[in-house]
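Under the numbering used here, the first residue of the first sequence is numbered 21, with each subsequent residue one higher. Cβ atoms here follow ideal geometry from the backbone N, Cα and C, with glycine treated the same way.
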Amino acid sequence: MPELPEVETVARGLQKSVAGRRIVSVTLTKTDFMDDPAAIERELPGALIERVERFGKFMLLRLASQDDPVGMDRALLVHLGMTGNLAPHFADQPFVKHNHVTFTLDDGRELRFIDPRRFGRMAYLAGENLATELRRFGAEPLLVEKEEFSRRIRGSAARIKSLLLDQRVLRGVGNIYADESLWTAKIHPARSGSSLKPNEAEALRKALQKILRQAIEKRGSSISDFVDGNGSAGEYQRYHKVYGRDGQKCFRCAAKVKWMVVAGRSTHFCPVCQRAPRKAMQTKRKAKPKRRVATSKR
DNA sequence: CTCGATCCCTGGACGC
DNA sequence: TGCGTCCAGGGATCGA
Numbered sequence: 021m022p023e024l025p026e027v028e029t030v031a032r033g034l035q036k037s038v039a040g041r042r043i044v045s046v047t048l049t050k051t052d053f054m055d056d057p058a059a060i061e062r063e064l065p066g067a068l069i070e071r072v073e074r075f076g077k078f079m080l081l082r083l084a085s086q087d088d089p090v091g092m093d094r095a096l097l098v099h100l101g102m103t104g105n106l107a108p109h110f111a112d113q114p115f116v117k118h119n120h121v122t123f124t125l126d127d128g129r130e131l132r133f134i135d136p137r138r139f140g141r142m143a144y145l146a147g148e149n150l151a152t153e154l155r156r157f158g159a160e161p162l163l164v165e166k167e168e169f170s171r172r173i174r175g176s177a178a179r180i181k182s183l184l185l186d187q188r189v190l191r192g193v194g195n196i197y198a199d200e201s202l203w204t205a206k207i208h209p210a211r212s213g214s215s216l217k218p219n220e221a222e223a224l225r226k227a228l229q230k231i232l233r234q235a236i237e238k239r240g241s242s243i244s245d246f247v248d249g250n251g252s253a254g255e256y257q258r259y260h261k262v263y264g265r266d267g268q269k270c271f272r273c274a275a276k277v278k279w280m281v282v283a284g285r286s287t288h289f290c291p292v293c294q295r296a297p298r299k300a301m302q303t304k305r306k307a308k309p310k311r312r313v314a315t316s317k318r
């Protein structure tokens with residue numbers, strides 16, 4: 021499931037493999053995950069992929085074209101959703117199921133977008149439309165500084181887990197790295213942002229940044245089927261402290277890692293290291309102790 | 001503003 | 001083995 025480190029891994033791979041290539045033609049199969057398929061068909065052929073960067077959980081393929089020497093900002097936004105994959109293929113490689121988009125490149129290779137669940141998103145945006153879209157998102161987790169982080173987190177009564185996942189607050193954090201950073205900072209996921217002491221907020225920021233950097237170094241976490249452009253899996257899932265470890269011993273205190281739903285998301289935490297908030301905030305334990313799927317092969 | 005519920009979508013795990 | 005059901009999860013949307 022691509023979150024910031026996984027998207028960063030894919031973006032770096034694409035920067036190496038396809039930046040500098042020109043798109044010759046576009047073939048769309050399924051388009052229901054696109055904002056405006058016609059714009060993609062119209063604008064992408066002939067465009068040069070200047071560079072590939074990550075923006076939150078999005079990849080931005082920065083584009084240029086000959087007839088636009090002024091250099092208006094133009095980009096293809098790609099969100100990988102849960103199961104999306106964007107990678108170059110040789111033209112003679114057989115198409116797999118769920119190949120929805122094919123960009124033929126000027127060196128004969130094909131940049132293919134494959135996404136079984138189609139939770140991804142693809143959009144061509146330029147100029148002010150692009151700027152407006154990007155402004156919807158919050159701070160970059162790896163760059164956000166102490167004061168801004170504190171303001172964004174401590175300024176809200178929402179639960180901390182929910183704030184970490186809110187792309188308008190921080191762009192790029194998903195379920196795995198939210199749980200991991202809260203464990204590291206010893207903060208209960210159901211606490212409200214405004215209940216965090218300044219030193220707790222700072223501990224969380226530090227934990228989040230450290231974990232994201234380490235995860236990028238390990239090329240992300242491969243839980244289900246995440247692979248980068250070379251088809252290689254990430255390694256960071258081996259370093260998870262709580263995610264997917266419910267029922268197992270906490271690495272700090274040996275208590276059993278718990279699982280609960282917070283802010284509508286599957287949440288893993290240590291009930292001893294991460295003290296529960298006073299009262300009210302506690303999600304009523306629900307009667308439904310759902311079947312936990314043994315996540316992944318480790 | 002924040003919340004939960006619901007939908008989107010497919011494949012894989014599980015129960016029978 | 002085969003079929004039905006139940007999730008996984010990010011994000012949009014809606015109503016409370």
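Just reading off the alpha helix (DSSP H) that residue i is part of, what are its end residues?
i       : result
Gly-237 : Residue identity differs from the one stated: residue 237 is Glu in this sequence, not Gly. Its alpha helix (DSSP H) spans residues 218-237.
Tyr-197 : 195-204
Ser-85  : Taken as a continuous stretch (DSSP letters only), Ser-85 belongs to no alpha helix (DSSP H), as it is neither H nor E.
Leu-24  : 24-38
Ala-58  : 57-63
List the endpoints of the continuous beta strand (DSSP E) containing residue i.
i       : result
Arg-285 : 285-289
Thr-122 : 119-125
Ser-176 : From DSSP, Ser-176 is part of no beta strand (DSSP E); its letter is neither H nor E.
Ala-146 : 141-146
His-99  : 94-99
Met-280 : 278-282
Arg-258 : Counting along the chain, Arg-258 falls outside any beta strand (DSSP E), and DSSP gives it neither H nor E.
Report the three-state DSSP secondary structure of residue i (helix, strand or coil).
i       : result
Ser-212 : strand
Phe-78  : strand
Ser-316 : Annotation note: pLDDT 33 at Ser-316 (below 50); position unreliable, coordinate value reported separately. In the structure shown, Ser-316 sits in coil (DSSP, three-state: anything other than H, G, I, E or B).
Ala-107 : strand
Leu-68  : strand
Thr-47  : strand
Arg-155 : helix
Leu-185 : helix
Phe-271 : coil
Arg-129 : coil
Leu-150 : helix
Arg-42  : strand
Glu-73  : strand
So, for residue i: in the same chain, excluding its five sequence neighbours on each side, which residues have a beta-carbon less than 7 Å away from its beta-carbon?
i       : result
Arg-129 : Pro-108, His-109, Phe-110, Ala-111
Thr-303 : Residue confidence for Thr-303 is low, a pLDDT of 43 falling below 50, so the modelled location carries little weight; the figure read from the coordinates is stated next. Hits under 7 Å: Ala-210, Met-280, Val-281, Val-282.
Pro-309 : Annotation note: pLDDT 35 at Pro-309 (below 50); position unreliable, coordinate value reported separately. Closer than 7 Å at Cβ, skipping near neighbours: no residue.
Excluding sequence positions up to five away, which residues of its chain have a Cβ less than 6 Å from the Cβ of residue i?
i       : result
Pro-136 : Thr-103, His-118
Thr-51  : Pro-57
Ala-235 : Pro-25, Tyr-256
Please look up how many angstroms separate the CB atoms of residue i and residue j, rounded, as I've assumed it's under 8 Å.
i       : j       : result
Val-121 : Val-72  : So it is not a contact: roughly 15 Å between Cβ atoms.
Glu-23  : Lys-77  : 6 Å
Pro-297 : Ala-210 : 6 Å
Leu-106 : Leu-64  : With a Cβ gap of about 13 Å, Leu-106 and Leu-64 do not count as contacting.
Phe-169 : Ala-221 : 6 Å
Might you give, ordered along the chain, the residues of its own chain that have their beta carbon closer than 8 Å to the beta carbon of residue i, omitting 5 neighbours on each side?
i       : result
Arg-42  : Gly-66, Ala-67, Leu-68, Ile-69, Leu-125, Asp-126
Thr-29  : Ile-236, Arg-239, Gly-240, Asp-248, Gly-254
Val-116 : Ile-134
Tell me whether the stretch 199-214 and the stretch 130-149 touch, counting them as touching only if at least three CB pairs, one residue from each stretch, are closer than 8 Å. no
The stretch 173-184 in contact with the stretch 259-275 per 3-pair CB rule at 8 Å: Touching, no.
So does the stretch 149-163 actually touch the stretch 184-191, counting three or more Cβ pairs closer than 8 Å? yes
Does the stretch 213-229 come close enough to the stretch 161-178 to have 3 or more Cβ pairs within less than 8 Å? Yes, the stretch 213-229 is in contact with the stretch 161-178.
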